[in-house]
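This report concerns only the one structure given below.
Chains as they are written, first to last, in this note's numbering: chain A, 1 to 111; chain B, 1001 to 1112.
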């Protein structure tokens, strides 16, 4: 079982819709969870971090964490064509600050 | 702004060469990481370091080594480059405590 799993997509949504991206992780001791966005040919950049159960909202983005189910999600409201990118879920595991990434979900927002 | 700088954007090397990829960060971060990114496989951790002269193997350390002689600099070494090491290499740094990782611009290495 992979440590961090994501559906590779592509996930296609129309402009203005809600995009829902999901991630599961295997290590119950995981402490911190991150969503990164990566445009084609560019490096990943952090868009959300979440550390406790529940929802965290930042503008059009909402991260959701459920540690009992080992599940993290990212909701993007009012999706824009500029949101088209690959979204990487990352999880901090272990005592040595190791950050493990999922393979990413490609999101396409159709104008 | 945090800056993580990788020494080369593009690199072409021959099979069997020793290759050095350099990474420098300017935010006094304790942690530094080397990943490689391949289509369909995502970001895979090669090595990381949580302090000067300290290193830990990641998920795919075979064929690689690292060096961290100074806090701001983390080097990835391919002892004898092979064609299956053709990839995008990304360096990242973060604070101790699990805050966000900042990435360099990436080095696209081609081994011919």
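C-beta atoms are modelled at their ideal positions from N, C-alpha and C, and glycine is treated no differently. Given the structure is predicted, the values throughout are model-derived calculations rather than measurements.
query, result
"Compare the beta carbon distance of residue 70 (chain A) and residue 36 (chain A) with 8 Å and say whether it is the shorter of the two.", "no"
"Give a yes or no on whether 8 Å exceeds the smallest Cβ distance from residue 1062 (chain B) to chain A.", "no"
"For residue 44 (chain A), which residues in chain B fall below 7 Å Cβ to Cβ?", "1103"
"Determine whether the beta carbon atoms of residue 1042 (chain B) and residue 101 (chain A) lie at a separation below 8 Å.", "yes"
"Leaving out five residues before and five after residue 1051 (chain B) in sequence, what residues of the same chain have Cβ atoms less than 7 Å from its Cβ?", "1030"
"Tell me, which residues are paired with residue 1112 (chain B) by DSSP?", "Answer is none; residue 1112 (chain B) lacks a bridge partner."
"Taking residue 53 (chain A) as the reference, which of A:38, A:47, A:59 and A:73 has the closest Cα?", "A:73"
"Report back the beta-carbon spacing between residue 1003 (chain B) and residue 1111 (chain B) to the nearest angstrom; my notes put them in contact at under 8 Å.", "Actually they are not in contact, since the Cβ atoms of residue 1003 (chain B) and residue 1111 (chain B) sit about 28 Å apart, beyond 8 Å."
"Residue 80 (chain A) by DSSP, collapsed to three states: which one?", "coil"
"State the start and end residues of the unbroken beta strand (DSSP E) segment that holds residue 1005 (chain B).", "1004 to 1006"
"So, residue 86 (chain A) versus residue 62 (chain A), is the Cβ gap smaller than 8 Å?", "no"
"Using the C-alpha atoms, what's the distance from residue 111 (chain A) back to residue 1049 (chain B)?", "43 Å"
"To test your reading of the DSSP string, which unbroken beta strand (DSSP E) runs of 3 or more residues are found completely within the region 8 to 71 of chain A?", "11 to 14, 19 to 25, 32 to 38, 45 to 50, 54 to 58 and 61 to 66"
"Distance, Cα to Cα, residue 82 (chain A) vs residue 1099 (chain B)?", "26 Å"
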